[in-house]
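Numbered according to this note's numbering, the sequence shown spans residues 11 to 361. For reference, the structure discussed in these notes is given below.
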Amino acid sequence: MSRYWSDIVSRLQPYVAGEQPRIPGLVKLNTNENPYGPSPKALEAIRQAADDRLRLYPDPAATELRETIAARHGLTAGEVFVGNGSDEVLAHTFQALLKHERPLLYPDVTYSFYPTYSLLYDIEAIEIPVDDGFQIRLADYDRPCGAIIIPNPNAPTGIGLPLADIEALVAAHPGAVVVIDEAYVDFGGDSAVPLIPKYPNLLVIQTLSKSRSFAGLRVGFALGQRDLIEALVRVKDSFNSYPLDRLAQVAATAAIEDEAWFETCRKKLIASRDGLVRELEALAFQVLPSQANFVFARHDSRSSATLLAALRKRGVLVRQFAKPRISDFLRISIGTDEECARLIAALKEIL
Ligand code: PMP
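Here you go:
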């Protein structure tokens, strides 16, 4: 702590990202990356764009990318905001739309960036506990609030809410901004995007990091009616007019256009997840129902810390969280079938 720090910085507990070790050959199932790699067409687009034009600033409005995203979702470019990963889109959302006289609501447990952003941007937040089965209970959100943010599927549980529940939440709070963070929606969740034309208070955030295999590129986006999107643009332009570099813009555009690659990878991943759940259950793990590219699992016979360390010794990385309510669980990202098999083989040695 320093006398030069602001009060908020002194109290910040920054989000700690998962380990990115430089050791080759590890089975890396700790940060929800996609094992299949980005669209080859998107990689080619990067190669084509990596030339002398990099001396020029990128399009500050990322118009082509926004038009491409809009077309895919049946929206207009004015209903699309893009940023440097959905973390940055979320940060701008907190700054622009979630601070009100009334509190912000989000689940406990959920994505641990939300408390960090709430503190950083001085937003009063109330955490609404999930139930004993880690489900979000809609009735608990029936209280005065200025805004709500919920990931669907939730993180790190992987549990999804049906569209009817999301609609009920958005409809019940016309005076509040409701943000649905759909980082993992493409792995079996129900997207709220079709509700956007009906609800001016709904903002949906998605990312290219998971289902498009571009975690290293840093592209995320928000979809909503123009009024909400304009607020995000105002904040972005007051912060960094060029959040998306030239290579990210062309690659993301090509990745969104490559529907065939997206479908193939996502279907393979869902099949691997279903197989991994069966194998984990056969080893007596309790596995929460997942609609994401990870599973959240615990075992009665060993603590998650013991399992994590024993797996690491065998070259398999998984993730564990310090929060008491979930510290018993391991979050295991879905890898290729070979990677999942290595995880299971390692667990059989350990248990
Ligand atoms: N939302 C949720 C719920 C997440 O788990 C993540 C990944 N850590 C993100 C947003 C951010 O993803 P990215 O910044 O890579 O788009």
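Even glycine gets a Cβ: it sits at the ideal position worked out from N, Cα and C.
Is the CB of residue i under 7 Å away from at least one CB in chain C?
i: GLU359; result: Within the model displayed, chain C is absent; a lone protein chain is all it includes.
Do the CB positions of residue i and residue j come within less than 7 Å of each other?
i: ILE436; j: LEU257; result: Nothing in the structure corresponds to residue 436, since the chain is present only between 11 and 361.
i: ALA435; j: CYS155; result: Residue 435 lies beyond the range of the chain shown here (11 to 361); nothing can be said about it.
i: PHE306; j: PHE331; result: no
i: SER223; j: ASN44; result: yes
i: HIS199; j: GLN105; result: Strictly speaking, residue 199 in this sequence is Gly, with His absent from that position. Cβ atoms of GLY199 and GLN105: not closer than 7 Å.
i: ALA202; j: ILE176; result: yes
i: ARG341; j: PRO161; result: no
i: ALA52; j: ALA270; result: no
i: VAL37; j: ARG352; result: yes
i: LEU179; j: LEU205; result: no
i: THR217; j: SER96; result: yes
i: ILE133; j: LEU108; result: yes
i: LEU279; j: ASN303; result: yes
i: GLN259; j: LEU75; result: yes
i: ILE169; j: LEU298; result: yes
i: ASP150; j: ILE138; result: yes
i: GLY88; j: ARG236; result: yes
i: ARG324; j: ALA356; result: yes
i: SER343; j: ARG276; result: no
i: HIS102; j: LYS246; result: yes
i: ASN40; j: PRO253; result: no
i: GLY230; j: VAL99; result: yes
i: GLU289; j: ILE360; result: no
Among the candidates the options, whose CA atom is the shortest distance from the CA of residue i?
i: THR120; options: PHE224, LEU108, ASP191; result: ASP191
i: ASN42; options: PHE197, ALA281, GLN235, ALA355; result: PHE197
i: VAL92; options: ARG308, ILE280, ALA232; result: ALA232
i: SER20; options: ASN44, ASP338, LEU130, GLU177; result: LEU130
i: ILE239; options: SER12, ASN44, ALA71; result: ALA71
i: TYR127; options: ILE18, GLU74, LEU218; result: ILE18
i: ARG308; options: GLU291, ARG65, ARG322; result: GLU291
i: SER314; options: LEU85, LEU179, ARG329; result: ARG329
i: TYR67; options: SER311, SER49, VAL26, ASP255; result: ASP255
i: PHE123; options: GLU54, GLY170, ALA27; result: ALA27
i: VAL326; options: ARG13, MET11, ILE33, SER12; result: ILE33
Examine the ligand ATP and report whether any of its heavy atoms sits within less than 6 Å of the Cβ of residue i.
i: PRO161; result: The ligand ATP is not among the ligands present in this structure, which contains only the ligand PMP.
Which residue comes first and which comes last in the beta strand (DSSP E) that contains residue i?
i: GLN296; result: 295-297
i: VAL305; result: 304-309
i: ILE159; result: 157-161
i: GLY93; result: 90-93
i: PRO117; result: 114-118
i: ILE56; result: Element bounds for ILE56: not the beta strand (DSSP E) but the alpha helix (DSSP H), 50-59.
i: LEU212; result: 212-217
Considering just the uninterrupted stretch of the alpha helix (DSSP H) at residue i, what are its terminal residues?
i: ARG341; result: Unbroken run through ARG341 is the beta strand (DSSP E), 340-343; no alpha helix (DSSP H).
i: VAL260; result: 256-267
i: ALA332; result: Per DSSP, ALA332 belongs to no alpha helix (DSSP H) and is neither H nor E.
i: ALA135; result: Counting along the chain, ALA135 falls outside any alpha helix (DSSP H), though it belongs to the beta strand (DSSP E) covering 135-139.
i: PHE123; result: 123-130
i: VAL180; result: 173-182
i: ILE190; result: ILE190 -> not in any alpha helix (DSSP H); beta strand (DSSP E) instead, spanning 187-191.
i: ALA232; result: That residue, ALA232, is in no alpha helix (DSSP H); its beta strand (DSSP E) goes 230-234.
i: ALA81; result: 73-83
i: ARG1; result: Residue 1 cannot be examined here, being either before or after the span of the chain that is shown, 11 to 361.
i: ARG8; result: Since the first residue of the chain shown is 11 and the last is 361, residue 8 is not available in this structure.
i: GLU359; result: 347-360
i: SER20; result: 17-21
Subject >> Any heavy atom of the ligand PMP nearer than 5 Å to the CB - residues listed >> reply: GLY95, SER96, ASP97, TYR121, PRO161, ALA165, ASP191, ALA193, THR217, SER219, GLY230
**OP:** Report yes or no: do three or more beta-carbon pairs, one from the region 340-360 and one from the region 61-69, lie closer than 8 Å?
**Re:** no
Original post:
Does the region 111-120 come close enough to the region 141-158 to have 3 or more Cβ pairs within less than 8 Å?
Top reply: yes
**OP:** Evaluate the contact criterion for the region 210-226 versus the region 140-153: three or more CB pairs, one atom per stretch, below 8 Å.
**Re:** No, the region 210-226 does not touch the region 140-153.
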